[in-house]
Amino acid sequence: MATEAYNGGGWIATKLEWLINWGRKRSPWPLPYGTACCGIEMMCALAAGYDMARFGAERPSFSPRQADVLIQAGTITLKMAPVFKKIYDQMAEPKCVISMGACACTGGVFRTYSTLQGIDKLVPVDIYIPGCPPRPEALLQALLMFIEKTEKSHPIIHKKYSDLLVGT
-17 MATEAYNGGG WIATKLEWLI NWGRKRSPWP LPYGTACCGI EMMCALAAGY DMARFGAERP
43 SFSPRQADVL IQAGTITLKM APVFKKIYDQ MAEPKCVISM GACACTGGVF RTYSTLQGID
103 KLVPVDIYIP GCPPRPEALL QALLMFIEKT EKSHPIIHKK YSDLLVGT
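The sequence shown: position 64 = 46 (our numbering), numbered continuously.
So, in structure tokens, the structure goes:
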């Protein structure tokens, strides 16, 4: 049997992917990592006024192994960078990173030797939310973008392992 790339075929695999995506899009578990004033806006989005729970994100996960979405809100110092990278590495695939605020996106007003000038220098970022601090509505929009991305994903076979499949 030849090794072929996964093309999403097969009735059972397609239905199973649909079921997994249905569950993931209705219950995204965010991992909040607030280090600056953007963390206050993130808490506001979780509260009753904006009610992030209506999109299924009512349970912030403080364990990286159970989280789907890492929300970085604020500055990352160079001393904090290895810890942040370790938290990212502990998250299960598929995972999403939201960079919230000017400090997380570009370093913001903290252009010094000791701060990371954007977390995309450390981990791949899926969604950027600009602003200082961004409004809670912007975080809700980013969450909706994650949910839309989840609907189109293929969680059964990760692209990193697609070359290991044996063709049928």
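Even glycine gets a Cβ: it sits at the ideal position worked out from N, Cα and C.
Counting only runs of at least 4 residues, the segment -1 to 65 fully encloses the following alpha helix (DSSP H) elements, listed from N- to C-terminal order: 20 to 28.
Taking the Cβ atoms as the reference, A55 lies roughly 12 Å from Y110, outside the contact range of under 8 Å. In the DSSP assignment, C87 falls within the alpha helix (DSSP H) that extends over A84 to T88.
Where I129 is concerned, there is no enclosing beta strand (DSSP E), although the alpha helix (DSSP H) around it starts and stops at P118 to E133. For I109, the enclosing beta strand (DSSP E) stretches over residues I109 to I111. When only Cα atoms are considered, M127 and S81 end up about 13 Å apart. For S96, DSSP records no beta bridge to any residue. Rounded to the nearest whole angstrom, the CA to CA distance from C85 to P12 is 19 Å.
L60 is a Cβ neighbour of L98, given a cutoff of 8 Å. In terms of CA proximity to Q123, D33 leads the group A18, D33, G5 and Q48. At least 8 Å separates the beta-carbon of T88 from that of I58.
Around the beta-carbon of Y95, fewer than 16 other beta-carbon atoms lie within 10 Å, marking it exposed.
For C78, DSSP records a beta bridge to V51.
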